[in-house]
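Okay, structure first, notes after.
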Amino acid sequence: MKFNSVFDIIGPVMIGPSSSHTAGAARIGKAARNLLGREPKWATIYLYESFAKTYKGHGTDFALIGGLLGFETDDSRMSKSLELAKANGMTYEFVEDTAATSHPNTVRLVIGDDQDQVELVGISIGGGKVEITELNGFELRLSGNHPALLITHNDRFGAIASVTSVLAKHEVNIGHMEVNRKDVGQEALMVIEVDQNVDDSILKELEASEYIGHISKIVS
Amino acid sequence: MFRTVAELVEIAERENILLSEVMIRQEMEVKERAREDVLSDMEKNLIVMENAIEDSLKGVESVTGLTGGDAVRIQTYMKEKTPLSGPLMMDAVSKAMGTNEVNAAMGTICATPTAGSAGCVPGTLFAVKNQLKPSREQMIRYLFTAGAFGFVVANNAFISGAAGGCQAEVGSAGAMASAAIVEMAGGTPQQSAEAFAITLKNMLGLVCDPVAGLVEVPCVKRNAAGASLAIVSADMALAGVTSRIPCDEVIGAMYRIGKTMPSALRETGEGGLADTPTGRMLKEKIFGLSV
């Protein structure tokens with residue numbers, strides 16, 4: 003089921019005016035920031051359908067940037083986020099894209115700094131709840147409401163077992179998991195939603211496993 | 007986990023507990039949390055709702071100037087005259103609109119189930135409370151009852167205007183409020199379901215057509231409609247009136263109607279009231295001709 007908590011319905015506490023266009027947008031922005039691992043220096047933001055048509059009226063622009071600045075949905079600085087981003091030296095651009103998407107509230111964020119970049123697609127499904135549907139060309143489904151690990155690895159037997167056995171050893175429970183690959187034997191991505199934040203020492207242990215590439219984590 | 011209103015009501019009847027209790031127990035089980043933590047989190051939401059209503063009664067105005075001040079206007083009218091629809095009704099209308107005025111003015115609110123429809127549940131709660139004199143716990147339970155019904159709608163249909171039109175937002179919010187009023191007034195779980203069905207039936211087909219894409223016109227006044235209909239439906243259900251179409255089938259109808267709604271009427275600001283001469287003029291005035 004898409005919604006599993008009463009607080010998805012009664013909540014979130016947020017700065018107006020729209021749960022899907024403001025609170026949801028802020029959460030997608032924050033997920034992108036978490037995936038980069040730090041505040042981006044630049045952001046190109048593609049908006050689709052309802053997001054593209056109404057983002058100025060709904061404050062979707064300042065909410066997305068607020069998320070990139072790390073703000074929660076009820077942060078009172080939200081409506082000032084565009085100025086705050088400029089003050090932090092962040093450059094950003096909004097593009098209204100006319101391409102058709104499967105969900106009316108869709109945004110593609112390309113963010114980064116001089117070392118790294120992240121490209122993700124997020125959808126805002128109502129009441130402030132969001133899903134990440136694409137990351138760096140991989141299709142996935144991530145709620146952003148739980149801590150998660152995103153692990154690139156070589157598409158080989160044993161790669162998944164090596165990760166899950168380390169998590170099991172440290173008593174980290176997996177709530178949701180999926181694996182995607184670009185092609186047989188090529189780069190692949192594991193998405194693992196967990197019940198608690200994963201300690202950095204566990205990440206180091208995971209990185210040492212065979213066939214494991216880059217690991218990023220989303221804390222919640 | 008309950009998936010339908012029928013299942014929700016069945017659990018409450020079988021265990022002889024309130025609908026709010028079904029929701030509380032499910033939250034404790036699914037999230038592995040203690041009762042006091044779940045209740046205290048909901049009380050935090052209640053406090054946000056209370057503060058938003060208080061702020062609105064001091065008078066607020068949105069950045070565009072399109073909305074604000076009507077909650078105060080209605081309260082003043084109630085002091086000077088006897089409202090034709092009764093003081094409780096107009097109090098609910100004033101507090102529902104007030105919550106959405108605060109939302110439009112970028113104040114802090116609690117989405118129930120969304121920000122655009124955030125007025126219906128607290129607006130009715132803080133109006134019926136003057137007559138029903140609930141305990142603090144009953145006020146918190148009101149939100150769990152409302153949440154239980156919203157939970158079914160969100161999982162079987164939708165709660166956002168972009169996906170299903172205003173019927174999915176204010177329609178759901180008003181119907182959630184109806185069900186919660188019935189429980190607080192001492193009605194049965196089945197009567198809550200009847201009240202929910204009656205409200206949602208009368209909101210079917212309502213489009214989402216915000217002027218200039220802003221959550222202001224007509225959203226604030228639609229919350230007045232949702233709140234007032236919620237009270238009427240609750241009274242009907244408490245009187246023993248039932249819905250000929252069962253609650254879950256009404257939710258199914260809402261879903262299918264939303265699926266066939268053109269995108270111009272789903273929160274794009276392109277159709278309906280947004281596309282009237284005055285709607286277009288307001289948009290130009292706010293954003294300039296280039297938008």
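Protein chains in written order, with my numbering: chain A, 3 to 222; chain B, 7 to 297.
Ideal placement from N, C-alpha and C gives every residue a C-beta, glycine not left out.
Spatially closest choice to residue i from the options, by CA coordinates
i: B:VAL292; options: B:TYR261, B:CYS225, B:GLY219, B:GLY104; result: Note on residue identity: the sequence assigns Ile, not Val, to residue 292 of chain B. The residue with the shortest Cα to Cα distance from B:ILE292 is B:GLY219.
i: B:GLU273; options: B:ASN109, B:ARG9, B:GLY122; result: B:GLY122
i: B:GLY75; options: B:ILE59, B:LEU90, B:MET209; result: B:ILE59
i: A:ASP118; options: A:ASP202, A:ALA101, A:GLU180, A:GLY39; result: A:GLY39
i: B:LEU24; options: B:THR88, B:VAL188, B:GLU67; result: B:VAL188
i: B:LEU138; options: B:VAL176, B:ALA191, B:PRO93; result: B:ALA191
i: B:SER184; options: B:ALA163, B:GLU255, B:LYS207, B:ALA168; result: B:LYS207
i: A:SER164; options: A:MET16, A:LEU205, A:ALA89, A:ASP185; result: A:LEU205
i: B:ASN161; options: B:MET267, B:ALA174, B:LEU131; result: B:ALA174
i: B:GLY277; options: B:CYS172, B:ARG262, B:ALA231; result: B:CYS172
i: B:VAL66; options: B:VAL238, B:GLU222, B:VAL247; result: B:GLU222
Length of the line joining the Cα atoms of residue i and residue j
i: A:SER22; j: A:GLU133; result: 12 angstroms
i: B:ASP43; j: A:ILE12; result: 15 angstroms
i: A:ILE127; j: A:LEU169; result: 30 angstroms
i: A:ILE67; j: A:SER83; result: 6 angstroms
i: B:GLY285; j: A:ALA34; result: 35 angstroms
i: B:SER296; j: B:LEU288; result: Interpretation of B:SER296 is limited by its pLDDT of 44, a score under 50 that renders its predicted location unreliable; the figure taken from the coordinates is listed afterwards. Taking the straight line from one Cα to the other gives about 13 angstroms.
i: B:LEU279; j: B:PRO224; result: 8 angstroms
i: B:GLU38; j: A:ASP197; result: 11 angstroms
i: A:ALA54; j: A:ASP99; result: 7 angstroms
i: B:THR118; j: A:SER211; result: 45 angstroms
i: A:LEU208; j: A:LEU151; result: 11 angstroms
i: B:ALA12; j: B:MET48; result: 25 angstroms
i: B:GLY64; j: B:MET112; result: The sequence given here places Lys at residue 64 of chain B; Gly does not occur at that position. Straight-line Cα distance between these residues: approximately 15 angstroms.
i: B:ALA98; j: B:LEU210; result: 22 angstroms
i: A:PHE159; j: A:TYR213; result: 10 angstroms
i: A:ARG110; j: A:GLU136; result: 9 angstroms
i: B:GLU16; j: B:ARG9; result: 11 angstroms
Cβ neighbours of residue i in the same chain (closer than 8 angstroms, five flanking residues each side left out)
i: A:TRP44; result: MET92, THR93, TYR94, ILE113, GLY114, ASP115
i: A:GLY72; result: LYS32, ARG35, GLU41
i: A:ASN90; result: GLU41, LEU71
Contacts around residue i, its chain only, beta-carbon distance under 7 angstroms, and the 5 residues preceding and following it disregarded
i: A:GLY187; result: ASP157
i: B:SER62; result: ALA77, GLY104, THR105, GLU107, VAL108
i: A:ASN182; result: PHE140, GLU141, LEU142, ALA190, LEU191
i: A:PRO19; result: HIS60, GLY61
i: A:VAL8; result: none
i: A:ASN138; result: VAL120, GLU121
i: A:ALA101; result: TYR50
Beta-carbon separation (whole angstroms), residue i vs residue j, contact threshold 8 angstroms
i: B:LYS101; j: B:PRO128; result: 7 angstroms
i: B:ILE236; j: B:GLY193; result: A small fix is needed here, since residue 236 of chain B is Ala in this sequence, not Ile. Not quite, the Cβ-Cβ distance comes to about 13 angstroms (not below 8 angstroms), so this is no contact.
i: B:MET242; j: B:ILE204; result: 6 angstroms
i: B:ALA201; j: B:ALA240; result: 5 angstroms
i: A:PRO149; j: A:THR75; result: So it is not a contact: roughly 18 angstroms between Cβ atoms.
i: B:GLY156; j: B:PHE164; result: Actually they are not in contact, since the Cβ atoms of B:GLY156 and B:PHE164 sit about 11 angstroms apart, beyond 8 angstroms.
i: B:THR73; j: B:VAL226; result: 5 angstroms
Contact test: residue i Cβ vs the ligand GTP heavy atom, cutoff 6 angstroms
i: A:MET80; result: Because no ligand of any kind appears in the structure shown, any question about the ligand GTP cannot be addressed here.
Same chain, Cβ closer than 6 angstroms to residue i, neighbours up to 5 away in sequence not counted
i: A:LYS131; result: ASP10
7 angstroms Cβ cutoff, residue i in contact with chain E
i: B:ASN161; result: Absent here is chain E; the protein component of the structure consists of chains A and B.
Worksheet entry | Complete runs of the alpha helix (DSSP H) confined to the segment 221-245 of chain B [at least 4 residues] | 225-244
Worksheet item: Residue ranges of each alpha helix (DSSP H) run of no fewer than 4 residues wholly in the segment 70-139 of chain B, ordered along the chain?
Response: 76-86, 93-110, 126-138
Practice prompt. Could you name each continuous alpha helix (DSSP H) segment of 4 residues or more that falls completely within the segment 70-120 of chain A, going from the start of the chain to the end?
Written response: 83-89
Worksheet item: What runs of the alpha helix (DSSP H), each 4 residues or longer, lie entirely inside the segment 240-292 of chain B?
Response: 253-265
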